[in-house]
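Below is one structure; the comments refer to it alone.
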Amino acid sequence: MSTSSVSVLDRARTRVLAEGQGLEEADILEVLRLPDEDIPAALQLAHEVRMRWCGPEVEVEGIVSLKTGGCPEDCHFCSQSGLFSSPVRSVWLDIPSLVKAAQQTAATGASEFCIVAAVRGPDAKLMQQMRDGVKAIKEAVDINVAASLGMLSQEQVDDLVDMGVHRYNHNLETCRSYFPNVVTTHSWEERWGTLKMVRDSGMEVCCGGIIGLGETLEQRAEFAAQLAELQPDEVPLNFLNPRPGTPLGDQPVMDPKDALRAIAAFRLALPRTILRYAGGREITLGDLGTREGLLGGINAVIVGNYLTTLGRPATSDLDLLAELKMPVKALSATL
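So the sequence shown is residues 917 to 1251, counted in this note's numbering.
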């Protein structure tokens, strides 16, 4: 192990593992720069941190899109934007289909079901459909309901709380300094404002992003530090799966070793946070890398398909968790 990496991992062992405080930005950057031979040590430490400060359980979640495609925003990675030539077109899901998806998700043992809509923010029609959908799900199946509906007003935040939505997802996607390279139709600060309102409402905050958008390692470290400042309950970690027809459609798939460095770094930045495998892990990490990440700080997974890309079969992830002797987190009112 190199001298510099001994230093950063030793500092992490004291600050993060022993004291439960996340690494600061400079040390996060050092972890992201670790030589290949030090990746196993970083993942092992990240796993120890996860076990100490989060415990052995893994939270399983399914997601479904209530409104797919036709989004007016220009997020450069997203095939749901109506501004690009990507093949996703606007479709609405009816309430019976939403309930069926929630039941199928619960049948996998998942404790969380997230309703997602490709919009800048919800209008009155979408909020009413959310109210009807959440009510129907809660009457049909015992599962926690989360939502991801874009940027919110204070009134909409209050409405979601009243519906019984317990967690809200709104990803920052990348660091503040790189955000204008990825989205131009709204600002990073607008997203941050929604997240602060959600936090203040008492709903749990789910906020992560996508690694491999073309950001530098310094910007990757900046992103992890900004997430740590927000202190979200959950961070979904996506790896770019380049979508045809989007501005990032020709971006190369992230190197799996860089992805593993990122997993370790984000865990060491966020020792007490749910760190969730999300989109892109299949093409970035494959089966072996998925296993390494679960033994390197990840403690939650989205099972089944994502919004516009295919995931691993739910049974594959559940079988892997069983093989690794990682218990699936049971449903509770407060996760």
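Ideal Cβ placement from N, Cα and C applies to all residues, glycine included.
Under a Cβ-count criterion, where at least 16 other Cβ atoms within 10 Å of its own Cβ denotes burial, should P1148 be classed as buried or exposed?
buried
Nearest-angstrom Cα distance between E975 and G1066?
23 Å
Considering only residues of the same chain and omitting the five flanking positions on each side of L1191, which have a CB-CB separation below 7 Å?
V1151, L1153, F1182, R1183, G1213, I1214, N1215, A1216
Between which two residues does the alpha helix (DSSP H) containing L1146 stretch?
1133 to 1146
E1089 - DSSP class collapsed to helix/strand/coil:
strand
Residue closest to H992, alpha-carbon to alpha-carbon, out of V1219, G1128, L982
G1128
Thinking just about the alpha-carbon of each residue, which of D1039, I1218, I1179 is nearest to the one in R949?
I1179
Helix, strand or coil for P1168? Go by DSSP, reduced to three states.
coil
Kindly confirm or deny that the stretch 1043 to 1063 and the stretch 1018 to 1025 touch, where touching means at least three C-beta pairs closer than 8 Å.
yes
C-beta atoms of L1204 and L1240 nearer than 8 Å
no
Integer Cβ distance of L1186 from G971, believed to fall under 8 Å
The pair is not a contact, with the Cβ atoms about 15 Å apart (cut-off 8 Å).
Please name the residue or residues paired with A1062 in a DSSP beta bridge.
C1030, R1083
Three-state class that DSSP yields for S995 in the structure shown:
coil
If you follow the beta strand (DSSP E) that L1191 is part of, which residue opens it and which one closes it?
1190 to 1193
If the criterion is Cβ atoms closer than 8 Å, does the pair A1062 and H1082 meet it?
yes
So, with DSSP's three-state summary, where would you put I891?
There is simply no residue 891 to check, as the chain begins at 917 and stops at 1251 in what is shown.
Mind the definition here: the stretch 1125 to 1140 touches the stretch 1087 to 1096 only if three or more C-beta pairs lie below 8 Å; say whether that holds.
yes
Count the other CB atoms within 10 Å of the CB of A1033; is the residue buried (16 or more) or exposed (fewer)?
buried
For the alpha helix (DSSP H) that I955 lies in, which residues bound it at each end?
955 to 969
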